[in-house]
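Data first, discussion second: the structure below is written as structure tokens.
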Amino acid sequence: MRLKEIIRLLDAVIITNSRDYEAEIEWACATDLMSDVLYYSRGNSVLITGLAKQQAIRTSDIADIKVVVFTRGKEPDTHTIELARKKKITLLITPYSMFTACGKLYEKGLRCCPE
Amino acid sequence: MTDKTYEGSFHIVGGDFSHAGEASTELKTILLNAGVEDEFVRRVAIATFEAEMNIMIYATAGILRYIISPEEIRIIAQDMGPGIEDIELAMQEGYSTAPDWVREMGWGAGMGLPNMKKNADIFRIDSVVGEGTTVEMIIKR
């Protein structure tokens with residue numbers, strides 16, 4: 002799924018972005034548990050999480066995740082935004098809950114990282 | 341990667357979430373700059389990050405050492421922590437003794453040690469209650 006479609010489907014606010022809006026994102030991972038991200042995710046995924054903290058960005062950087070979405074309109078602090086910018090991670094905020102956000106992306110064909 | 345073997349280390353301070361993950365990020369950058377395959381770098385980064393987080397969460401302090409050779413990387417994470425009473429139990433997915441403040445930061449899901457084992461070709465753990473824990477991982481290219 003293209004990045005621009007993820008942004009549109011989630012009615013997302015773009016906090017940081019350093020990549021093409023046409024970029025293809027292959028998989029999705031949704032969790033608040035950072036070890037689950039490390040255990041189950043694949044590179045070139047979008048992470049959907051309620052953990053609007055630096056840890057989500059740091060973990061995504063380690064796991065080669067390019068796009069992070071914070072759910073329920075949670076706004077990160079400036080350190081988190083700065084880290085996302087430095088690591089060239091696209092950071093989005095969606096007003097939707099994790100359940101609804103996942104549903105919207107799944108409905109249009111995006112799938113969970115294969116285990 | 342060059343033909344040489346080279347090594348280095350990072351000191352980790354317990355309880356310091358603001359710098360958590362910086363050692364692993366730096367090691368990842370070293371490997372990427374050396375031109376190593378992405379998938380190998382990802383495995384090393386994930387295994388090291390979990391080890392670094394464990395030191396940060398449970399121990400007073402610790403040291404992460406790495407030895408890179410053309411064929412593999414050896415990572416030794418040694419901490420001055422409480423030690424692990426039952427290693428077999430600690431290796432089970434989902435088992436955790438992490439306090440609530442750690443869980444609020446997105447950690448303590450009980451996947452750290454299993455995740456290190458998953459990404460390493462050779463995984464060894466040695467622990468003495470009241471003294472500390474040493475994890476050794478070898479990841480082959």
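Quick mapping for you: the protein sequence lines, in order, are chains A and B.
Basically this note's numbering = 1-based index in the first sequence + 1.
Basically this note's numbering = 1-based index in the second sequence + 340.
Built from N, CA and C at the ideal position, the CB exists for glycine as well.
### Where A:K109 falls, given that 16 or more other Cβ within 10 Å makes a residue buried
So A:K109 counts as exposed.
### Boundaries (first-last residue) of the alpha helix (DSSP H) holding A:S61
Q55 to I63 is the extent of the alpha helix (DSSP H) around A:S61.
### Query
Cβ atoms of A:Y40 and B:K344: under 8 Å apart, would you say?
Contact flag unset, no.
### Query
From B:E471 to A:T91, what does the alpha carbon distance come to, in whole angstroms?
Here the alpha carbon of B:E471 sits roughly 42 Å from the alpha carbon of A:T91.
### Query
What is the DSSP secondary structure of A:I49, reduced to helix, strand or coil?
The three-state reading of DSSP puts A:I49 in strand, counting E and B together.
### Query
What whole-angstrom Cβ distance do B:I403 and B:H351 have, given they're in contact under 8 Å?
6 Å between Cβ atoms; contact.
### Beta-carbon neighbours of A:D78, restricted to chain B and to distances below 8 Å
Chain order gives no chain B residues near A:D78, where near means a beta carbon separation below 8 Å; the closest approach is about 11 Å.
### Query
Closest to B:P410 by CA distance: which of B:A374, B:A363, B:A360 and B:T473 is it?
In this structure, B:A374 is the residue among B:A374, B:A363, B:A360 and B:T473 with its C-alpha nearest to the C-alpha of B:P410.
### Task
Kindly identify the DSSP beta-bridge partner or partners of B:Q418.
DSSP output for B:Q418 lists B:I403 and B:T474 as bridge partner(s).
### Query
Does the beta carbon of B:R414 sit closer than 8 Å to a beta carbon anywhere in chain A?
No, its Cβ sits nowhere closer than 8 Å to a Cβ of chain A.
### Strand pairing of B:D466, partner residues [DSSP]
In the DSSP assignment, the residues bridged to B:D466 are B:T474.
### Message
What residue range does the beta strand (DSSP E) around B:E347 cover?
### Response
B:E347 -> beta strand (DSSP E) spans Y346 to V353.
### Query
Leaving out the 5 sequence neighbours to the left and right, which residues in its chain are closer than 8 Å to B:P439 when beta-carbon positions are compared?
Contacts found: G448.
### Task
Express the C-alpha separation of B:M445 and A:E116 in angstroms, rounding to a whole number.
Taking the straight line from one Cα to the other gives about 24 Å.
### Test: A:M35 CB closer than 8 Å to a CB of chain B
True, the Cβ-Cβ gap to chain B drops below 8 Å.
### Task
Give, in chain order, every residue of the segment 379-394 of chain B whose Cβ lies closer than 7 Å to some Cβ of chain A.
Within the segment 379-394 of chain B, the qualifying residues are R382, A385, I386, F389 and E390.
### Task
Give me the Cα-Cα distance between A:T101 and A:I94, rounded to the nearest whole angstrom.
Here the C-alpha atom of A:T101 lies approximately 13 Å from the C-alpha atom of A:I94.
### Query
Roughly how many angstroms lie between the CA atoms of B:T437 and B:I427, to the nearest whole one?
Here the alpha carbon of B:T437 sits roughly 12 Å from the alpha carbon of B:I427.
### Query
How many whole angstroms separate the CB atoms of B:G452 and B:M393, which I take to be in contact at a CB cut-off of 8 Å?
For B:G452 against B:M393, the beta-carbon gap comes to about 7 Å, under 8 Å, which counts as contact.
### Task
From the DSSP output, in three-state form, read off B:E392 for me.
When secondary structure is reduced to three states using DSSP, B:E392 falls in the helix class.
### Query
Looking at the unbroken beta strand (DSSP E) that takes in B:V284, where does it start and where does it end?
With chain B covering only 341 through 481, there is no way to say anything about residue 284 of chain B.
### Query
Of the residues B:I413, B:M396 and B:W441, which one's Cα is nearest the Cα of B:H359?
Ranking the options by Cα distance to B:H359, first place goes to B:M396.
### Query
Apart from the five residues just before and just after B:A460, which ones in its own chain have a Cβ nearer than 6 Å to its Cβ?
Cβ within range, chain order: A387, M477 and I479.
### Query
If we cut at 8 Å on Cβ distances, does B:A438 have a partner in chain A?
No, B:A438 does not count as interfacial toward chain A.
### Buried versus exposed call for B:T400 [16 or more other C-beta atoms within 10 Å across all chains shown]
By the neighbour-count criterion, in which 16 or more other beta carbons inside 10 Å mark a residue as buried, B:T400 falls on the exposed side.
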